[in-house]
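Scroll down for the structure; my scribbles are underneath it.
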Amino acid sequence: MKKCNVKHQKRTKFRRLTAVLMAAAMMLSGLALPSKEAEASETEYEIYPSPHVMEYADGSYIINTTEDVNVVYESGIDDAT
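See below:
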């Protein structure tokens, strides 16, 4: 009986140690490290189709083409584009 009780105590200690280690691992993995901000790169954009005439007037751009123009405007595109 004594031998069985010793095995039970060892098993219980092992389970508790495993539970503590798993809890610590979960807590550490839940902490988010601050991410490094990505620096904006100077990207050259190309306009397709190539406009025949492009006029710059007071910050507004007038594009004259002979075809239809598809305009994509969203927050990810900078002002100059």
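Those letters in the sequence shown? Residues -32 to -1, 1 to 49, by mature numbering (1 follows the signal peptide of the UniProt record, and there is no 0).
Where a beta carbon is used, it is the ideal one built from N, C-alpha and C, also for glycine.
My output table needs one value for residue -9: the three-state DSSP class, helix, strand or coil.
Position 24 of the sequence shown, counted from the start, is the residue given in the question as residue -9. Three-state result, residue -9: helix.
If you draw a straight line from the alpha carbon of residue -3 to that of residue -13, how long is it in whole angstroms?
Indexing the sequence shown from 1 puts residue -3 at position 30. Indexing the sequence shown from 1 puts residue -13 at position 20. The straight-line gap from Cα to Cα measures roughly 15 Å.
State the Cα-Cα distance for the pair residue -28 and residue -17, rounded to the nearest angstrom.
Position 5 of the sequence shown, counted from the start, is the residue given in the question as residue -28. Position 16 of the sequence shown, counted from the start, is the residue given in the question as residue -17. Roughly 16 Å separates the two Cα atoms.
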